[in-house]
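Before any comments, here is the structure.
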Amino acid sequence: MEQKIHQGRNVKRFREMLNIKQEALAYDLGEDWNQKKISMLEQKDVIEENLLKQISAVLKIPVEAFQNFDEEQAINIISNTFGDNACIGNPNSTFNFNPIEELKKLHDEKIALYERMLKEKEEMMVRLEKLIGK
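Numbering of the sequence shown is given in the working numbering, commencing with residue 5 and proceeding in unit increments.
Dropping the structure here:
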């Protein structure tokens, strides 16, 4: 028995993971959209391909994620992979790494994160200015 992927529920999951409200998604999708339409969309089993592409562009998540993500399957894989006494990695292994390189890598990641946050802030300001201007 093949279980169908509920694309609307996947849109809702990813939207909530990104902490985006239905109203904000509706605004980003255009004037034809409102919170109620987003709510109805999230109840649909299958969503049209072109609409999934629009949502994908807004949320910056690949279309395939909405089409293929199955939460139950992910939970089954995790629960069947790790037992009660599971240990990830070898407890007797030795680690060879340069702490300075690790610090540098963390620093670079932090800078990239700050740059992404600034870009998102700029985008949010533009959206807010558009809202205020209406």
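Heads up, the beta-carbon is just placed ideally off N, CA and C, and yes, glycines get one too.
Item, Value
"Assumed close pair Q11, K48 - CB separation to whole angstroms, cut-off 8 Å", "7 Å"
"C-beta contact flag for L33 and I24 at 9 Å", "no"
"Spatial neighbours of P66 in its chain, beta-carbon cut-off 8 Å, leaving aside the 5 residues before and after", "S60"
"Under the three-state DSSP convention, the category V67 falls into", "helix"
"Range of the contiguous alpha helix (DSSP H) that encloses D112", "103–137"
"Where the alpha helix (DSSP H) through N14 begins and ends", "11–21"
"Element boundaries [alpha helix (DSSP H), containing K41]", "39–45"
"Start-to-end residues for the alpha helix (DSSP H) that takes in D36", "First-last for D36: undefined, no H or E at that position."
"Beta-carbon contacts of N14 that lie in its chain and below 6 Å, excluding the five residues immediately before and after", "F70, F73"
"Separation of D112 from E126, as counted between CA atoms", "21 Å"
"Length of the line joining the Cα atoms of M5 and L22", "Per-residue confidence for M5 stands at a pLDDT of 44, beneath the threshold of 50, marking its modelled position as unreliable; the derived number appears in the next sentence. For M5 and L22, the distance between alpha carbons rounds to 32 Å."
"Cα-Cα separation, E150 to K114", "Past the edges of the chain, shown from 5 to 138, lies residue 150, and the structure says nothing about it."
"Proximity of A30 and N38 at Cβ, strictly below 9 Å", "yes"
"Candidates I51, F18, E46, R131: closest to K64 by CA position", "F18"
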